[in-house]
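Peer 1: The structure follows.
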Amino acid sequence: MLKTRILTAVIMLLLFLAALFSLSAIFWMILLLALTVAGAWEWSKLARFSLIYSITYLLLTALLGGELLFTLGEAVLADPYSPLFLWLYVASSVFWALGATGLLRLNRPIRNPVLLTLIGWILLLPTCLALFQLRAIDPLLLLGFMATVWISDTAAYFTGRAWGKHKLAPGISPGKTWEGVAGALVAVAFYAVAWSYIAGEKAPSILLVPLLLVLVVMGIIGDLFESLMKRHAGVKDSGNILPGHGGILDRIDALTSTLPIAALSLLFLQSEL
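Position in the sequence shown counted from 1, then plus 18, gives you my numbering.
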């Protein structure tokens with residue numbers, strides 16, 4: 019199982035890097051839209067939509083995502099710091115800071131299909147657009163923010179295994195511990211300082227360190243929220259498309275709660291300069 023997980027992770031990373039640095043803008047858009055629709059299909063299973071509702075949801079997701087990407091994408095390519103997607107990033111940030119945390123505290127199944135539909139879009143569409151806009155700004159910048167999540171996850175896992183005693187959310191994800199959270203924060207703090215040192219004035223540590231630490235916390239919330247949905251749906255993984263890893267949502271859960279906030283922060287900082 020571990021070998022399969024590592025092999026899949028290596029293959030995914032290589033394919034992602036190839037796409038990130040070599041695909042033209044149009045093919046990057048197509049890839050993002052395809053991943054968004056795949057994520058919507060998995061979300062429809064977690065939300066326990068009927069088949070007809072799921073198909074309708076997928077079609078609407080494809081239409082919405084396509085409209086946003088292909089209609090507004092050209093403007094973002096012309097001006098990578100364009101605020102066209104700002105409202106979606108704000109909506110995503112508000113949901114993760116207030117809505118998701120409230121739902122985690124309640125720890126009850128969400129029954130309303132309209133609410134589940136909106137939550138699915140809040141998860142997927144801003145993430146898709148953030149992946150597009152951050153790459154338009156600088157592919158290395160996008161990679162740096164994604165690496166924040168990967169470092170956080172890895173540090174939390176190993177720290178939790180070694181020293182974890184105090185459960186973070188035993189009713190939702192029994193394996194997560196407060197010691198793991200501390201390990202993630204420390205590891206990402208070092209990463210932020212190293213990033214700031216390499217980038218120099220472009221990424222002062224006084225801004226980068228707090229931002230990345232906020233992303234750690236939000237990434238954990240995103241991870242817990244997907245765990246909550248899976249627990250209430252009675253499934254271990256959101257899908258089985260990725261051997262050893264589960265589904266698309268299992269791989270991007272923390273990205274859905276971090277990349278839109280990262281994009282929002284960059285747009286805000288750019289407007290202040």
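Just so it is clear, CB atoms sit at the ideal spot from N, CA and C, and this is done for glycine as well.
On the three-pair Cβ rule with 8 Å, is the stretch 114–133 touching the stretch 230–248?
Peer 2: yes
Peer 1: Roughly how many angstroms lie between the CA atoms of residue 283 and residue 94, to the nearest whole one?
Peer 2: 16 Å
Peer 1: How big is the Cα-Cα spacing for residue 113 and residue 137?
Peer 2: 8 Å
Peer 1: How about residue 111 and residue 228: are their beta carbons less than 8 Å apart?
Peer 2: no
Peer 1: From residue 16 to residue 147, what does the alpha carbon distance come to, in whole angstroms?
Peer 2: Residue 16 is absent from the structure shown; the chain starts at 19 and stops at 291.
Peer 1: In three-state terms, what does DSSP make of residue 291?
Peer 2: Annotation note: pLDDT 49 at residue 291 (below 50); position unreliable, coordinate value reported separately. Residue state, collapsed to three classes: coil.
Peer 1: In chain order, what residues of the same chain lie with their CB nearer than 7 Å to the CB of residue 249, ignoring the 5 residues before and after it?
Peer 2: 190
Peer 1: Contact check, residue 91 vs residue 163 under 8 Å by CB: the rounded distance?
Peer 2: Not confirmed; about 19 Å, so no contact.
Peer 1: So, under 8 Å CB-CB, residue 135 and residue 75 are touching, yes? Tell me the CB distance rounded to an integer number of Å.
Peer 2: About 6 Å; that satisfies the 8 Å criterion.
Peer 1: Which runs of the alpha helix (DSSP H) at least 4 residues long sit entirely within the stretch 40–74? Give them in chain order.
Peer 2: 43–64
Peer 1: Distance check for residue 205 and residue 222, CA to CA, integer angstroms please.
Peer 2: 18 Å
Peer 1: Can you tell me whether residue 257 is buried or exposed, with buried defined as 16 or more other CB within 10 angstroms of its CB?
Peer 2: buried
Peer 1: Considering only the beta carbon of each residue, do residue 195 and residue 203 sit closer than 8 Å?
Peer 2: Against a cut-off of 8 Å, the Cβ pair of residue 203 and residue 195 comes out as no contact.
Peer 1: Whole angstroms is fine: what's the gap from residue 291's alpha carbon to residue 97's?
Peer 2: Because the pLDDT of residue 291 is 49, which lies under 50, any placement of that residue in the model is unreliable, and the question is left without a value.
Peer 1: With distances taken Cα to Cα, identify the nearest neighbour of residue 245 among 42, 226 and 61.
Peer 2: 61
Peer 1: Measure how close the beta-carbons of residue 334 and residue 199 come, nearest whole angstrom, since I'm counting them as under 8 Å.
Peer 2: The requested residue 334 is not part of the displayed model; the chain covers only 19 to 291.
Peer 1: Going by beta-carbon coordinates alone, are residue 71 and residue 127 separated by less than 8 Å?
Peer 2: In this structure, residue 71 sits away from residue 127, with a CB-CB distance that is not shorter than 8 Å.
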